[in-house]
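Visitor: So the sequence lines, in the order shown, correspond to chains Z and S.
The numbering of the first sequence is our numbering, which starts it at 2 and goes up by one.
The numbering of the second sequence is our numbering, which starts it at 3 and goes up by one.
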Amino acid sequence: MLRIRNISKTYSNGVVALDNVSLEVGAGMFGLLGPNGAGKSSLMRTVATLQDPDSGGIDFDGLDVAANKEQVRRKLGYLPQDFGVYPKVSAQEMLDHFAVLKGFVQRQQRNEVVAALLQKVNLWEVRKRKLGTFSGGMRQRFGIAQALIGDPRLVIVDEPTAGLDPEERNRFLNLLAEIGEQVVVILSTHIVEDVTDLCPRMAIISKGRMLMSGKPHEAIAAMRERVWSKVVAKTALPEYQSRFEVLSTRLIAGQPLIHVYSERPPEEGFACVAPDLEDVYFRQLQYREATAPPAS
Amino acid sequence: MFTEFFRFDLRQQLRSPLLWVAGLVFALLAFGATTSDVVQIGGALGNVHRNAPAVIVNFFVNFSVLGLFVVTFFVAQPLLRDFEMGTDELFFATPMRTRDYVAGRLAAGLVASLAIYIITGAGMILGSAMPWVDPQRVGTFSLAPHLWSLAVVVIPNLIFMAALLSLLAVTTRNLLSVYLGVIGFFVLYAASSYLARDIQYDAIVSVLDPFGARALERTMRYWSANESNTLLPALDRYLLINRVVWLGVAVALLAATFALFRPQRFRGGKQRRRDVAMAIPEPAGNRAYMTESASSAQSHAGASFGGSVPWRQLLHQLRFDTAGVLRGVPFLVLLAFGVANLIAGSFAVDDAYGTKVLPVTDTMLRVIDGSYAYLLVLIIGFYAGELVWRERSAKLAELTDALPIPNWVPLLGKVGALLCVVLVFMLLGVLTSMGVQLARGYTNLEPGLYLGGILIQCVPFMLMAVAAVVLQVISNNKAIGYLLYVLMMVVQIALPPLHFEHNLYNFSNAPQVPHSDMNGFGHFLSGWLWFESYWTIFAAVLVVIAAAFWVRGTAPSWRGRLRQARHGLSGRQGATLIVLVVAFVSVGAWIYYNTNVLNEYLPADVAMDRQARYEQSYRKYKDLPQPQIVAVKADVDIYPSQRRVEVRGHYDFVNTHAELLSEFHVLIDPRAKLTKVALAGADLVKDDPQVGYRIYKLRQPMQPGATMQMEFTVERMQRGFTNDGLPPDSNLGNSRSPLNDNGTFFNNMEMMPHFGYSESLQLVDRNERRKRGLGDVPRLPKLEDEKARDSIGFPDGNWIDFEATLSTSADQVALAPGYLQREWTQNGRRYFHYKMDRPMLPFFCFLSARWQVRRDEWNGVPIEIYYDAKHPYNVDRMIAGVKKSLDYFTVNFSPYQHKQVRILEFPGYARFAQSFANTIPYSERIGFIADLRKPEDVDYVFYVTAHEIAHQWWAHQVIGAGVQGQDMLSESLAQYSALMVMEKEYGRDRMRKFLKYELDRYLRDRGGELVEEMPLMRVEGQPYIHYQKGSLIFYRLREELGEERLNRALANFIRDKAYQHAPFTTSKEFLEYLRAETPPEKYALLDELFAKIVLYDNRVTDAKAQRRADGKYAVEIDVSAKKLQADGVGKETTLPIDDWMEVGVFARGEDGSEEKQKVLYLQKQHITPQTQKFAVVVDSEPYQVGLDPYNKLIDRNSDDNRKEVTVSAAN
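1) If you follow the beta strand (DSSP E) that Ile-8/Z is part of, which residue opens it and which one closes it?
2) Around the Cβ of Met-1/S, are there at least 16 other Cβ atoms within 10 angstroms (buried) or fewer (exposed)?
3) Distance, Cα to Cα, Leu-420/S vs Met-464/S?
4) Helix, strand or coil for Trp-801/S? Go by DSSP, reduced to three states.
5) Are there 16 or more other CB atoms within 10 angstroms of the CB of Leu-843/S, so buried, or fewer, so exposed?
6) Quick one: Cα of Met-719/S to Cα of Val-515/S, how far?
7) Whose CA, out of Pro-783/S, Gly-799/S and Gln-1127/S, lies closest to the CA of Gly-758/S?
8) Spatial neighbours of Val-1151/S within its chain, please: C-beta separation below 6 Å, excluding the five flanking residues on both sides.
9) Under the rule that 16 or more other beta-carbon atoms within 10 Å means buried, what is Met-1243/S, buried or exposed?
10) Any chance the segment 710-719 of chain S sits against the segment 797-817 of chain S, with 3 or more Cβ pairs inside 8 Å?
11) Kindly indicate if chain Z contains any beta-carbon less than 8 Å away from that of Phe-322/S.
12) Are there 16 or more other CB atoms within 10 angstroms of the CB of Ala-223/Z, so buried, or fewer, so exposed?
13) Would you kindly check if the distance between the Cβ of Ile-631/S and the Cβ of Phe-666/S is under 8 Å?
14) Let me confirm a value: Asp-870/S is counted as buried when at least 16 other C-beta atoms fall within 10 Å, else exposed. Which label applies?
15) Measuring only the C-alpha atoms, how far is Thr-724/S from Arg-83/S?
16) Please tell me whether Ile-1/S has its Cβ less than 8 Å away from any Cβ of chain Z.
17) Who does Arg-142/Z pair with in a DSSP beta bridge?
18) If I follow the unbroken beta strand (DSSP E) through Pro-257/Z, where does it start and stop?
19) What are the residues in the segment 39-66 of chain Z lying within 8 Å of chain B by C-beta distance?
20) Under the assumption that Arg-927/S contacts Asp-352/S (Cβ atoms under 8 Å), give the Cβ distance between them as a whole number of angstroms.
21) Relative to the C-alpha of Arg-284/Z, which candidate in Gly-255/Z, His-98/Z, Leu-155/Z and Phe-245/Z has its C-alpha closest?
22) For Lys-675/S, which of Asn-601/S, Thr-556/S, Tyr-698/S and Pro-642/S has the nearest alpha-carbon?
23) Using the rule of at least 16 other Cβ atoms within 10 Å of the residue's Cβ for burial, across every protein chain shown, is Leu-68/S buried or exposed?
24) Can you tell me whether Phe-10/S is buried or exposed? The criterion is at least 16 other CB atoms within 10 Å of its CB, across all chains shown.
25) Measure from the C-beta of Arg-6/Z to each C-beta in chain S and report whether the shortest distance is under 8 Å.
26) Check the DSSP bridge columns for Val-760/S and list the partner residues they point to.
27) Is the number of C-beta pairs between the segment 959-972 of chain S and the segment 989-999 of chain S that are closer than 8 Å three or more?
28) Classify Val-72/S as helix, strand or coil using the three-state DSSP reduction.
29) Please determine, among Ala-550/S, Pro-158/S, His-1168/S and Ala-261/S, the residue with the shortest C-alpha to C-alpha distance to Arg-574/S.
30) Between the alpha carbons of Val-154/S and His-756/S, how many angstroms are there, rounded?
31) Thinking C-alpha only, which one of Met-704/S, Pro-265/S, Trp-313/S and Phe-918/S is nearest Leu-175/S?
32) Taking 8 Å as the CB-CB limit, is Thr-293/S close to chain Z?
33) Counting only runs that start and end within the segment 921-962 of chain S, where is the alpha helix (DSSP H) found for 4 or more residues in a row?
34) Are Leu-320/S and Gly-418/S closer than 8 Å when you measure CB to CB?
35) List the DSSP bridge partners of Glu-907/S.
36) Taking buried to mean at least 16 other C-beta atoms within 10 Å of its own C-beta, is Arg-1063/S buried or exposed?
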């Protein structure tokens, strides 16, 4: 059980990264959704012991993270958003290195762990290859392999699917889902489908504030019969935007298709559509902009 | 288009901080060099102004070589910027011409680079205007040397470098490769400079040097102070050829650059990685994750923490990071550079007259220290940054920082890795060095000595490595970390010259530990160990602090980091810190006790203050009559392992003056302690132990002619260790470290009292004197000073009876001048009683060591060589030298006055040989290990031996008065005598080789004269005159008078002046003996050789030959001869030429070498301004002609005396 209590963080350049964020995460997949620059990575790094909040605190399994970093690190698996590798080192060598640093100092045992993980992420056959020659997907798989060394109880994956092709993305998410059965997995992403597909619980964060947290299907249910869509003329778009609460605009065969939030049918020609998580997400982002205090 | 690129890029360049930082650093160095002696770059010494044109030119030359690395950035980076940033496609999709693109950026880079040099020049100009700069060292300001340097040196060099760099950039498309190329170029450049050491190659080398540095050096090497202060180098000959050649090369390189520049991406650089990634086949078939095995991975619990785990993690981290460095290209490049440098250095070390020394391990360790180890400064600085930032620059830090390891694991891992790198680098140096030894046929490998030697060299670097890592960690900014590292080194280097000399506050510094094959690391080791332990503890303190400041994840603000560090230092780390600090302070206190309580810590400025005080207080007694010592008896107990000596001496002395003596002034080296003085009827009225001056007042004045006795005891012992290890060299001919476990060597100046004020202890540096209000440098008495002829320079005696009883440890032999009377053992110590059977100079030595002895004899005179077991190589040459010398000198000069000759090896802490009566101490580094296996090399062992034996005549038989020219009578005559012995043994060709080095050294060193160059007969202790010029002048004189006449003059001189008493002879009297043997038409020549400074500039301007019908050749020779007279600072006036010089015609030798040439014609010709054309007929085809072809005259340009002949066929 991970409890985040009222944490705030302001960087030295004045950017408010986290603003009084609180959250409780139990076992299972937890999706953290937010646009680029929302503070997701700051939150992830803070949970991963890599930066201290200015105020507030984090508990994991009853341990205060700030005061017990090393204990927490023993249970932690972390895949940062943007990580590199030593290009001239092979996958096996690098994973072996991480395994030692994660406490596998017995060679025999370590070799087994490394081999198992390489097989698990399907890099066994390229294990001798230099990491510099890996494709993006292979590198990401290597990343998850290192995060899984030593049965972490808390797995943090920050934007893992960015830049992966759809097939690779699916497989990656399957792997996460499987891990998520036993431990706390926090998946931060700006891709709504990742959360829809995989997370029984989620939170939306923007500009350092927690906009909502809860179960995706409940949030969707709350918007039932309040999302309306219509194909409009390009020239009329600004007018609609001023008159209605437009959630999203998408082009369908060159014509804008708009989603509008409204408790009643807004106007002739609008059709009521079944809301999805994306509607929830946009609604939350706009609500945040329109009204100061966040909803939850 | 061009202007747009130029404008845009120049703006970019001028905004780059590197430009201003580099400019500022260069300007600061320039400023430092012009305002103080701490920075030495341009060569402003002695009479050369700090802003002399030659200094400015040299300065710019050095900086244009150094600037290569900076210029790389400004020239290569703009050409590659777009490819590295990925903006290339944006640019090359526009309709511009690539020619404008390349030219514009190149021109901007050149202008930016030039800006750096302009800033540098400004630093120099500003420096010379500073109020604290001694106005006597500043010449009038002129912008001309700056403009000249920019035009002739800097701009052409920039163009060449820019051309080279842009070609590299265009062909490799990778900044790192360009840098590697630059380093490679530099390796070649540095390695080629070892070619230049052999002076026969320097014409080629001066043209081949792309920077023109050697062409300039060649133009200016013999410049006198006056020339340096007034002239700019003439842009002709080598310099002009050099500049034209390299500008031409630059144009060619630029043309290639434009031709090869391809805007398209090519398969290289950044693209490659992606391409290869594409090419990797995914594992066949199933691309899916193997989910079935997922749970099996999960079951591998069993990670362990705590206990020994972090240590094993540390070991792993260390191995991992070390491997990372050792595989790195920069490391490998620096290693290659070092290895090349080491190999080249092994040929150049201790080279004398072109003869090398054997690559013994002791010497090779010195080469490693001088030519190889210094690269560690770069390796450490660079890799400290790389290692600390390794994870972060690979964007891996987020992964590694979240791992369950304590902060000290990665920190110590990185420190350890850097230490391993240092060790590996040094061990590779040792392997290279052993390779050199084997390749040169030297098989006595000494791994143990290597290990000790490199550990001693390594430790300071290792400490710097720790500091470099700590600075990176604490600054948490790579650039600032580098800056702090450089700053640390600047402080380390700058402190001692500013007379902050104590190693207690100069990080990683310790007393020097010189190695000697005789004495090993000796007593120097213990002080070194204490100091380095002290700094090691300090480094540990730094590491503990750095661990507390170690940043994981996002770095907090400084306040946050301090809070974190306080927190980190509260527990066990804090306790460790306290323990370490206590240890640091305790060891520091122990060192302080040794260096400042048991011994005296004496920084050079304080020592000079004392010298000044000595002069100010006591120089007034310089002419006070003092008694003369006539007999010395001494009991000398040497305790080598304790480095202790006790001298119980007895002097008989006489009042040789016509007046009563009422005061005795007793002087002793203050490092020796005078514990007992028994002078009957005299009271000590003044005792100044700091400078060793005592005044005794006699109750009854000493009558003229009366004899008195003095008994004294002197003790000198080394307690604990000192701050400076090997004492600084002084010009008193002392042995630097007189007391050693194996190889004790001291003389009476160092260990026994003397009567009267001694001028030799005065401060001689002109600038230091001026600072202390001491006035001009005291000079020797003038040659005409008749009163000064009473003394030979020793104030208290001239010929003495000598007798000494020495004792030493049971395993050593102790020696002093005289003959062994008795040898016995008593109380486990060996005793030797020596007695000289005739009066000798009041200058004697005592030695003790474990030696091997080789005995031989010459006409019943025993010859003994006492040498170290490791150095048997050249003992036979020494014996041959002794024999041949005795042969020549006894036949030509006078009988040998002693009954024995002894040569004694002493540790190489100093590098000289010195002749005492029948006893010649000889440094292990001046001949014992010379490599004489090549028969064509100059056998300087033979020469040095002959020179020292010659001193048994010149000094020990005839000694001049202590006035100008005294050294000519000893040193120049010893040179001449040795030359004759050498010529008999090795022939004239070898002499020419030897004298070429003598000429080069004379011409070079006279430019560095600090006071005033004197004519030979008025030489005032100036080695380049009494040795080098002495050789040249006497060899020339031999050519002019013939050996027989010259030797007759010498024999007559000895016959009349040997063993004389006051008034002593002078060079003026000697010249009378020469004149007696000189035909009147050569009197003028005699005057030029001895009483003037005369230089020639002779050359062949044209040489043509025509084959005649009879098969003979008619040769026409045009020459140009010039004769100049110089004054003491090198101001020259032309003398009318009216000289007889050799003119020669030579046939080509079979291998083209000069030695094998056949002389077709060689005649002395009368050269006047009118007669500078000669026609001669020779029998076979001429190859070269020459005016003074054997360089018998002192010629400022000795290489153009010969010229190849253009031969045309018969009509």
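Every residue gets a Cβ at the ideal spot worked out from N, C-alpha and C, and that includes glycine.
Here the structure is a predicted model, which means the values were calculated and not measured.
Guide: Reading from the atomic positions:
1) 3-11
2) Within the shown structure, residues of chain S are numbered from 3 to 1213, placing residue 1/S beyond reach of any answer.
3) 8 Å
4) strand
5) buried
6) 19 Å
7) Gly-799/S
8) It is worth fixing the name first, because residue 1151/S is Gly in this sequence and not Val. Counting only Cβ-Cβ distances below 6 Å, and skipping sequence neighbours, we find Lys-1158 and Gln-1159.
9) For residue 1243/S there is no data in the structure shown, the boundaries of chain S being 3 and 1213.
10) no
11) yes
12) exposed
13) no
14) buried
15) 55 Å
16) Coverage of chain S is limited to positions 3 through 1213, which leaves residue 1/S absent and any answer about it impossible.
17) Arg-142/Z pairs with nothing; no bridge assigned.
18) 256-262
19) Among the chains of the structure shown, chain B does not appear; the protein chains present are Z and S.
20) 6 Å
21) Phe-245/Z
22) Asn-601/S
23) exposed
24) exposed
25) no
26) This sequence places Ser at residue 760/S; Val is not what is there. According to DSSP, which records beta bridges pairwise, Ser-760/S is partnered with nothing at all.
27) no
28) helix
29) Ala-550/S
30) 58 Å
31) According to the sequence as given, residue 175/S is Arg; it is not Leu. It is Pro-265/S.
32) Reliability of the predicted coordinates at Thr-293/S is poor, the pLDDT of 44 falling under 50, and the value obtained from them is presented with this limitation in mind. So yes, Thr-293/S belongs to the interface.
33) 942-953
34) yes
35) Tyr-924/S
36) Note on identity: in this sequence residue 1063/S is His, with Arg being the wrong assignment. His-1063/S should be labelled exposed.
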